[in-house]
Amino acid sequence: MSTVLLLLITGLGLGALYFLVASGLSLIYGLMGVLNFAHGSFLTLGAFLGWEVARRMEDGSWLTFGVSILVGAVVGATVATLTELLLIRPLYLRHIEQVLVTVGLSLATVALFEGIWGVDPIYVVGPEWLNDTTDIAGALIPNDRFVLIAAALIVLLGLVVFLKRTRYGLIIRAGVENRAMVTALGVDVRRAFTLVFAIGGAAAGIGGVLASHYFGYVSPLIGGSLLIFAFIVTVIGGLGSLTGAAIASVVVAVLQQFANFYLGGTGDFMVVALLAVVLLVKPTGLLGSKA
Amino acid sequence: MTMIRRLRTSRLTPWVTGGLLVVVVAVLPLLDISLPGVLPGSTYTPGTLQLLAFAMVFAALALSYHLLFGVAGLLSFGHALYFALGAYGLGIVLRDTELALVPAMAVVLMAAIAIAAALGALSLRVSGIAFAMVTLAFAQAGSVLVRRNPSVTNGEEGLPLRVDNIPAELVGVLNTRNVYWLALALLVVVFLIVAWFERSRAGHVVAATRENELRVRVLGMTPFRVKLITVVLAGGLAALVGMVYLLLQSGVTPAVMTADFTLTLLVIVVLGGVGSRWGAVVGGVLYTLLDQRLTALARSEAIQDLPEFLRIPLSEPLFILGTLFILVVVLLPGGLAGVARRSLARADTARARAGRNLDEEARP
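If you're matching them up, the sequences are chains A and B in order. Once you know that position 91 of the first sequence is 114 in the working numbering, the rest is easy, because the numbers rise by one and skip nothing. Once you know that position 264 of the second sequence is 576 in the working numbering, the rest is easy, because the numbers rise by one and skip nothing.
Structure (structure tokens):
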């Protein structure tokens, strides 16, 4: 029982990471039709700069941890905004070219990170409490899982409130639904594009810092490996659906944890199998309307 | 003069030029030509032949990817899977069985075609960007499979080639020129198959599907079937190229199965010009040479002595190639083939205008 609980909560923690990456991907795709390959680089850069700031401050304090998360969010948002303005916008409505540009950006930035920070993992130090465990019904749960889950919940809640309660959220939701109509009504959706990129980048940056604490290290490849699972999550959840992304994140991560433990380390494989099943049964994904 | 012009406009011209080019490339190992800065040594040296053979293997692989992306308009991020399947499959069959080279290649090709058919049928249930993500996921599963089963694939170390059942002419540094000719033959065969497919009925239908799938369906044809044929053909060709790569490299590492490797193919095809066969070939050759030269450049003293903010980016070949790729996508739509086409068209208009001026001057 305690093993099941541990696997479940660890899965939720990992799912929280997937969601932080996938939410941005899904929103960007839903609104603009752009598959953002550079999303992993936003995450990696957030993680690296978060670490750079943290190591100049006091080791292992909560303030340092908080500041590094903030740095991750700001860095992610800034880079994402710049990417949108400089690379995506000039290629407006040429979806394939937009994807290609983000592919080039991800190749170039990963190489650049390797040049600056080296290929080897850099170990990060967080507050003492993160490495401790909490006893829940006999299961010893590492505390960083709770932080991940809380962060993802806050981001999810923030996004839902933003999308449902603000004017820009309304424009974005309407844009996902029918962009041509929103443009025809005289609303400048391009500003919403930049905003969606910034939000997605901020979520990825937060995810980057948290991922470095979850895995215990940062490396130039950390973003790319999470990105692939985030892609799977967005397809399973349905492209453009935030709720779908949230549900699929949890399902994918929990399945992965259980398969890794009970089925001899086949977690990654089971995730791809799940993807195949979803495609066979419902090609649009759990909550998607368009494939 | 008129003969030259007739030759220029003839439909056969590209084929004649191509044939001549093949002959020139075929006799390179017998010549002593040095291109400092482009090739590491004289053309008959094994090192240079190896590099050129790599370039041709990449060109052939890029051609198979051109079928998917350029002809069918399918953005796949999992094409490396079939290449790796060919390389690893042949390596494993040669290691674990006593089959000779050609039967072993046939077995692996059949397996690759079957897998391409199964995965293709599954991933073609979605289209566009979702197709890209799904193919990426399948390739990732393959990559995980290779890394997690070291007893079969030798894991991160890579699989060495067992040479017992391979003709002696293809083994060893001294025989590099034979492998070079094999790579050239591969490139020619793949080019001809791709050209034939593009002219076939299925090729025309799949090109039409790329432009307007609904219309093809309205005409009573099934886009799914021709797309699947394209995926299977591209997968089979990639597996074939992978097998030659194994012979050339005397082994294979998991690096050829990563998503980055497929992205490299995408870079090659876009660099050369999407939709252009010659573009794919030129892109493949150019990329290989550039990658090799940039790596050499990164280690050179001229770069190592630069200040840090210049040295770090310039010593990462992938950074330069990635940046170049972005610039091509943003500034040169149509890639190198597009540039060539535009300059040819400009030359033609210029000549036509000059001809008209001459006519007007001749008039009293």
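Every residue, glycine too, gets a C-beta built ideally from N, C-alpha and C. Note that the structure is predicted; figures quoted are calculated from it, not measured.
CB contact below 7 Å: residue i versus chain C
| i | result |
| --- | --- |
| residue 568 of chain B | Protein chains in the displayed structure are A and B, and chain C is not among them. |
Nearest neighbour of residue i, chosen from the options [CA to CA]
| i | options | result |
| --- | --- | --- |
| residue 518 of chain B | B:327, B:582, B:385 and B:340 | B:385 |
| residue 100 of chain A | A:178, A:74 and A:220 | A:220 |
| residue 256 of chain A | A:24, A:44 and A:33 | A:44 |
| residue 46 of chain A | A:174, A:295 and A:79 | A:174 |
| residue 436 of chain B | B:450, B:575 and B:552 | B:450 |
| residue 504 of chain B | B:590, B:420 and B:584 | B:590 |
| residue 475 of chain B | B:524, B:332, B:520 and B:413 | B:413 |
| residue 308 of chain A | A:275, A:260 and A:264 | A:260 |
| residue 181 of chain A | A:275, A:154 and A:265 | A:265 |
| residue 278 of chain A | A:139, A:297 and A:191 | A:297 |
| residue 379 of chain B | B:545, B:613, B:557 and B:560 | B:545 |
| residue 502 of chain B | B:345, B:370 and B:559 | B:370 |
| residue 392 of chain B | B:448, B:337 and B:482 | B:448 |
Pair within 7 Å by beta-carbon distance, residue i and residue j
| i | j | result |
| --- | --- | --- |
| residue 352 of chain B | residue 492 of chain B | no |
| residue 530 of chain B | residue 375 of chain B | no |
| residue 562 of chain B | residue 473 of chain B | yes |
| residue 428 of chain B | residue 554 of chain B | no |
| residue 108 of chain A | residue 223 of chain A | no |
| residue 231 of chain A | residue 69 of chain A | yes |
| residue 499 of chain B | residue 585 of chain B | no |
| residue 150 of chain A | residue 85 of chain A | yes |
| residue 272 of chain A | residue 42 of chain A | yes |
| residue 153 of chain A | residue 166 of chain A | yes |
| residue 295 of chain A | residue 453 of chain B | yes |
| residue 118 of chain A | residue 56 of chain A | yes |
| residue 249 of chain A | residue 630 of chain B | no |
| residue 444 of chain B | residue 389 of chain B | yes |
| residue 566 of chain B | residue 663 of chain B | no |
| residue 148 of chain A | residue 82 of chain A | yes |
| residue 626 of chain B | residue 615 of chain B | yes |
Neighbouring residues, chain A, relative to residue i (Cβ below 7 Å)
| i | result |
| --- | --- |
| residue 625 of chain B | 135 and 138 |
| residue 582 of chain B | 123 |
| residue 575 of chain B | 126 and 130 |
Proximal residues of chain B, C-beta to C-beta of residue i below 9 Å
| i | result |
| --- | --- |
| residue 292 of chain A | 453, 456, 457 and 460 |
Listed by chain order, chain B residues near residue i by CB distance under 7 Å
| i | result |
| --- | --- |
| residue 306 of chain A | 437 and 438 |
| residue 258 of chain A | 442, 445 and 446 |
| residue 299 of chain A | 434 |
| residue 310 of chain A | Chain B residues near residue 310 of chain A: none, gap ~14 Å exceeds 7 Å. |
| residue 93 of chain A | Ordered by position in chain B, no residue passes the 7 Å Cβ test against residue 93 of chain A, which lies about 26 Å from the chain. |
Whole-Å CB distance - residue i paired with residue j, under 8 Å assumed
| i | j | result |
| --- | --- | --- |
| residue 398 of chain B | residue 550 of chain B | 7 Å |
| residue 133 of chain A | residue 228 of chain A | About 16 Å; that fails the 8 Å criterion. |
| residue 215 of chain A | residue 195 of chain A | 5 Å |
| residue 54 of chain A | residue 198 of chain A | 5 Å |
| residue 94 of chain A | residue 72 of chain A | 6 Å |
| residue 641 of chain B | residue 127 of chain A | 7 Å |
| residue 234 of chain A | residue 40 of chain A | 6 Å |
| residue 582 of chain B | residue 123 of chain A | 6 Å |
| residue 25 of chain A | residue 161 of chain A | 4 Å |
| residue 568 of chain B | residue 396 of chain B | 5 Å |
| residue 367 of chain B | residue 574 of chain B | That pair is no contact at about 18 Å. |
Listed by chain order, chain A residues near residue i by CB distance under 8 Å
| i | result |
| --- | --- |
| residue 571 of chain B | 247 and 251 |
| residue 628 of chain B | 134, 135, 137 and 138 |
| residue 578 of chain B | 123 and 126 |
Chain-ordered neighbours of residue i on chain B, where CB pairs are closer than 8 Å
| i | result |
| --- | --- |
| residue 295 of chain A | 449, 450, 452 and 453 |
| residue 303 of chain A | 434 and 437 |
| residue 262 of chain A | 441 and 442 |
Residue i beta carbon near the ligand FMN (any heavy atom closer than 6 Å)
| i | result |
| --- | --- |
| residue 346 of chain B | In the structure shown, the ligand FMN is absent, as is every other ligand, since no ligand is present at all. |
Chain B contacts made by the region 101-128 of chain A, where a contact means CB separation under 8 Å: 110, 113, 114, 118, 119, 120, 122, 123, 124, 126, 127 and 128
What residues in the region 131-146 of chain A bring their beta carbon closer than 8 Å to a beta carbon of chain B? 131, 132, 133, 134, 135, 137, 138 and 139
Within 8 Å of chain B by C-beta, residues of the region 41-54 of chain A in sequence order: 52
Contact list for the region 438-462 of chain B against chain A, Cβ threshold 8 Å: 438, 439, 440, 441, 442, 444, 445, 446, 448, 449, 450, 452, 453, 456, 457 and 460
According to a CB-to-CB cut-off of less than 7 Å, which residues of the region 386-409 of chain B neighbour chain A? 387
Name the residues in the region 234-254 of chain A whose C-beta lies less than 8 Å from a C-beta of chain B; which are they? 247, 251 and 254
What residues in the region 630-659 of chain B bring their beta carbon closer than 9 Å to a beta carbon of chain A? 630, 631, 632, 633, 634, 635, 636, 637, 638, 639, 640, 641, 642 and 645
Interfacial residues, the region 197-228 of chain A to chain B, with Cβ spacing under 7 Å: none
Note down, in chain order, all residues in the region 591-615 of chain B with a beta-carbon under 9 Å from any beta-carbon belonging to chain A. none
What residues in the region 278-290 of chain A bring their beta carbon closer than 8 Å to a beta carbon of chain B? 288
Beta carbons nearer than 7 Å to chain B: which residues of the region 57-90 of chain A have them? 58
Chain B contacts made by the region 169-197 of chain A, where a contact means CB separation under 8 Å: none
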